[in-house]
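Protein sequence lines correspond, in order, to chains A and B.
Counting with our numbering, you get residues 1 to 260 for the letters of the first sequence.
Counting with our numbering, you get residues 1 to 299 for the letters of the second sequence.
Glycine residues also receive a C-beta, built at the ideal position from the N, C-alpha and C atoms.
Here's the structure, in structure tokens; my notes come after.
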Amino acid sequence: MNHQLPPFSWTNALWHAGFLLAFAALMAWAWHGARLDPLLLLTNAGNSYEFAQGFLKPNFHDWRAYVDEIAVTLHMALWGTVLAVVGAVPLGLLAAANIAPWWVRQPARRLLDALRAINEMVFALFFMVAVGLGPFAGTLALFVHTTGILGKLFSEVVESIDQRPVEGIRATGANRLEEIVYGVIPQVLPMWISYALYRFESNVRSASVVGMVGAGGIGYFLNESVRSYDYGATAVIMGLIVITVVAIDVVSAQVRKATL
Amino acid sequence: MPPGHFFHPTGRMRVRQEAAMDIAVDGLCKTFRSGSRLCCALHQIDLRIRAGEMVALLGSSGSGKSTLMRHLNGLALGDCGSVRIGGLDVQHRGRIHGDVRRVRAQVGMIFQQFNLVGRLSVATNVLAGMLHRLPLWRSLTMRFTRAERLAALDALDRVGLVEQAWQRASTLSGGQQQRAAIARTLVQKARLILGDEPIASLDPESAKRVMDDLAAINREDGTTVVVSLHQVDFALAYCPRTVALRAGRVVFDGPSIEITPEILREVYGGDAASQQRAVGSSRIVRPAHSPPAAAVAAV
Numbered sequence: 001m002n003h004q005l006p007p008f009s010w011t012n013a014l015w016h017a018g019f020l021l022a023f024a025a026l027m028a029w030a031w032h033g034a035r036l037d038p039l040l041l042l043t044n045a046g047n048s049y050e051f052a053q054g055f056l057k058p059n060f061h062d063w064r065a066y067v068d069e070i071a072v073t074l075h076m077a078l079w080g081t082v083l084a085v086v087g088a089v090p091l092g093l094l095a096a097a098n099i100a101p102w103w104v105r106q107p108a109r110r111l112l113d114a115l116r117a118i119n120e121m122v123f124a125l126f127f128m129v130a131v132g133l134g135p136f137a138g139t140l141a142l143f144v145h146t147t148g149i150l151g152k153l154f155s156e157v158v159e160s161i162d163q164r165p166v167e168g169i170r171a172t173g174a175n176r177l178e179e180i181v182y183g184v185i186p187q188v189l190p191m192w193i194s195y196a197l198y199r200f201e202s203n204v205r206s207a208s209v210v211g212m213v214g215a216g217g218i219g220y221f222l223n224e225s226v227r228s229y230d231y232g233a234t235a236v237i238m239g240l241i242v243i244t245v246v247a248i249d250v251v252s253a254q255v256r257k258a259t260l
Numbered sequence: 001m002p003p004g005h006f007f008h009p010t011g012r013m014r015v016r017q018e019a020a021m022d023i024a025v026d027g028l029c030k031t032f033r034s035g036s037r038l039c040c041a042l043h044q045i046d047l048r049i050r051a052g053e054m055v056a057l058l059g060s061s062g063s064g065k066s067t068l069m070r071h072l073n074g075l076a077l078g079d080c081g082s083v084r085i086g087g088l089d090v091q092h093r094g095r096i097h098g099d100v101r102r103v104r105a106q107v108g109m110i111f112q113q114f115n116l117v118g119r120l121s122v123a124t125n126v127l128a129g130m131l132h133r134l135p136l137w138r139s140l141t142m143r144f145t146r147a148e149r150l151a152a153l154d155a156l157d158r159v160g161l162v163e164q165a166w167q168r169a170s171t172l173s174g175g176q177q178q179r180a181a182i183a184r185t186l187v188q189k190a191r192l193i194l195g196d197e198p199i200a201s202l203d204p205e206s207a208k209r210v211m212d213d214l215a216a217i218n219r220e221d222g223t224t225v226v227v228s229l230h231q232v233d234f235a236l237a238y239c240p241r242t243v244a245l246r247a248g249r250v251v252f253d254g255p256s257i258e259i260t261p262e263i264l265r266e267v268y269g270g271d272a273a274s275q276q277r278a279v280g281s282s283r284i285v286r287p288a289h290s291p292p293a294a295a296v297a298a299v
């Protein structure tokens, strides 16, 4: 057999080279913008050494308080995520091209964009003005920001479904809502659950950050310990956060498996 | 009320017949636009199908079978002409009728790819056939009464799938999925079943079972059945009447026993014949396009 290879194409080669050059230029530009300076890690090695020393002597003195705040962090993440799912289901459906006409879809998408564009830290500052310091402000911040994220992810899942089962339901004389409940939701449910679990895990991490601005959760202690050079306490808190996130990952993997 | 009701001497008769799921297609046309190319999929189709008939829609791929089928219950919208089922408008001059769901409720449709919801149980897929007559709060919360669930099992029993009722639909074989889809039309209490290539993805054995089920429903319940097929032998074996399409036009409409090899050549042969001429050899026409010898001999 005589096999024919496609002829070498200069056009293709030039495109590839051009793309690589453009990418390298972009990265070089961003290097300056981000003030990357690896040498600082060496010249300031003393600071890192001090930090590492503290880490090796964990300070368990306040561990009960830390565990309590970890629990608060989880509670914030849970409510923030569940409220976000409740908001994201209708918004995600309304933002999907195969469900809603453009004059519904576009406003829904822009609203989701706006919710997503503003970080939960910023929302936390707003809500602290509205409801005062504490976990409630943090929970509302997580809820609003996560609604934006889950709404977009949910709508993308809806847009990737197989339309044929939906048509099968439509052909029985069912109305639009019934088409969604019987034809769309069963198809998207595993992915929706998967995304919601992942966002719950992310929200546990975010909840530990919003605490830094005073919106409740473990972040408060984390911030305090770093600022007071109590690196032993920082090590304990970070260890607790890591254990929590790993535990959530293990549990959510099981839940995901059960829902497939 | 159909026009002419007051003047036509048999007007009353006609209303009664139309209520019994007569299909009336008048001057239906449809043009698809693919890029800059216009492609006429349906060309002035006029068709009458009476309640209780079992009709095969024949034609090669791209002849407009599926397109016509999807226009009958308004899943697709024509450019001109009209479709009425049982005296109710489905579409008229490219506009869907506002109350099309009332017509669809009485028209069951089965598809080449079965179109079941794979992650729902077989029984729930079948129960979806009765959504149109449930109050919204029950349909949206999937609350079916005991009697309704038993009705679904009865329907599944009729197509021999009662054992599989609580499995996910995706675990069934193709033939079983298609029969579950037929059970859905039973629960729907459809007076007309449209089959859009219902056996095209099935092995011969499963195809036969599906056609047997459809024929039994037609015979026992008086349900009108219209199926698009591309196997001529199935049309001959199951459907007393055949409508054949070619390039969006009806080229044959009559008793299936009147189909001759000449007619089949007209329906399918053009492409194969021109292909043969182009090749200049006496290549055999593809078997899928030629009637089996036995079937034609029987004619």
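Anticipated Cβ contact below 8 Å, residue i with residue j, distance rounded
{"i": "P255/B", "j": "P240/B", "result": "6 Å"}
{"i": "G173/A", "j": "H132/B", "result": "4 Å"}
{"i": "V187/B", "j": "L127/B", "result": "6 Å"}
{"i": "A88/A", "j": "R109/A", "result": "The pair is not a contact, with the Cβ atoms about 13 Å apart (cut-off 8 Å)."}
{"i": "M76/A", "j": "G217/A", "result": "6 Å"}
Identity of the residue in the options nearest residue i by Cα
{"i": "A235/B", "options": "R146/B, E258/B, G118/B, A247/B", "result": "E258/B"}
{"i": "V213/A", "options": "A258/A, L133/A, F8/A", "result": "L133/A"}
{"i": "R93/B", "options": "T124/B, H71/B, R143/B", "result": "H71/B"}
{"i": "G138/A", "options": "E178/A, S206/A, W10/A, W15/A", "result": "S206/A"}
{"i": "I263/B", "options": "G248/B, A244/B, R249/B", "result": "A244/B"}
{"i": "E178/A", "options": "A183/B, A200/B, M130/B, S173/B", "result": "M130/B"}
{"i": "R50/B", "options": "A24/B, T185/B, A105/B", "result": "A24/B"}
Helix, strand or coil at residue i [DSSP, three-state]
{"i": "V255/A", "result": "helix"}
{"i": "P58/A", "result": "coil"}
{"i": "S201/B", "result": "coil"}
{"i": "Q113/B", "result": "coil"}
{"i": "I263/B", "result": "helix"}
{"i": "V245/A", "result": "helix"}
{"i": "P255/B", "result": "strand"}
{"i": "V159/B", "result": "coil"}
{"i": "G87/B", "result": "coil"}
{"i": "I193/B", "result": "strand"}
{"i": "R35/A", "result": "coil"}
{"i": "H16/A", "result": "helix"}
{"i": "G216/A", "result": "coil"}
{"i": "R143/B", "result": "coil"}
{"i": "A95/A", "result": "coil"}
{"i": "L222/A", "result": "helix"}
{"i": "S61/B", "result": "coil"}
{"i": "S228/A", "result": "coil"}
{"i": "L83/A", "result": "helix"}
{"i": "G46/A", "result": "helix"}
Cα-Cα separation, residue i to residue j
{"i": "K189/B", "j": "L38/B", "result": "39 Å"}
{"i": "N44/A", "j": "A52/A", "result": "13 Å"}
{"i": "L26/A", "j": "R164/A", "result": "44 Å"}
{"i": "G239/A", "j": "R227/A", "result": "18 Å"}
{"i": "S231/B", "j": "D154/B", "result": "Here residue 231/B is Gln; the residue named in the question, Ser, does not match the sequence. Roughly 31 Å between the two C-alpha positions."}
{"i": "P7/A", "j": "A17/A", "result": "18 Å"}
{"i": "D162/A", "j": "G183/A", "result": "9 Å"}
{"i": "A65/A", "j": "D230/A", "result": "15 Å"}
{"i": "G148/A", "j": "A253/A", "result": "24 Å"}
{"i": "L56/A", "j": "S225/A", "result": "15 Å"}
{"i": "K65/B", "j": "S139/B", "result": "33 Å"}
{"i": "Q276/B", "j": "F144/B", "result": "In this prediction, Q276/B scores a pLDDT of 38, lower than 50, which makes its location untrustworthy; no coordinate-derived value is stated."}
{"i": "R176/A", "j": "R170/A", "result": "8 Å"}
{"i": "T224/B", "j": "W137/B", "result": "32 Å"}
{"i": "S160/A", "j": "A13/A", "result": "34 Å"}
{"i": "W10/A", "j": "I45/B", "result": "53 Å"}
{"i": "H97/B", "j": "Q91/B", "result": "5 Å"}
{"i": "T242/B", "j": "G248/B", "result": "15 Å"}
Boundaries (first-last residue) of the alpha helix (DSSP H) holding residue i
{"i": "A141/A", "result": "135 to 159"}
{"i": "V288/A", "result": "Past the edges of chain A, shown from 1 to 260, lies residue 288/A, and the structure says nothing about it."}
{"i": "A235/B", "result": "232 to 238"}
{"i": "G27/B", "result": "Run containing G27/B: none in the alpha helix (DSSP H); it sits in the beta strand (DSSP E), 23 to 34."}
{"i": "R105/A", "result": "102 to 117"}
{"i": "R184/B", "result": "174 to 187"}
{"i": "L127/B", "result": "122 to 127"}
{"i": "L125/A", "result": "120 to 131"}
Limits of the beta strand (DSSP E) - the one that residue i falls within
{"i": "L47/B", "result": "37 to 49"}
{"i": "A56/B", "result": "54 to 58"}
{"i": "R104/B", "result": "Taken as a continuous stretch (DSSP letters only), R104/B belongs to no beta strand (DSSP E), being part of the alpha helix (DSSP H) at 100 to 104."}
{"i": "R246/B", "result": "241 to 246"}
Within chain E, partners of residue i - CB distance below 7 Å
{"i": "M109/B", "result": "Of the protein chains in the structure, A and B, none is chain E."}
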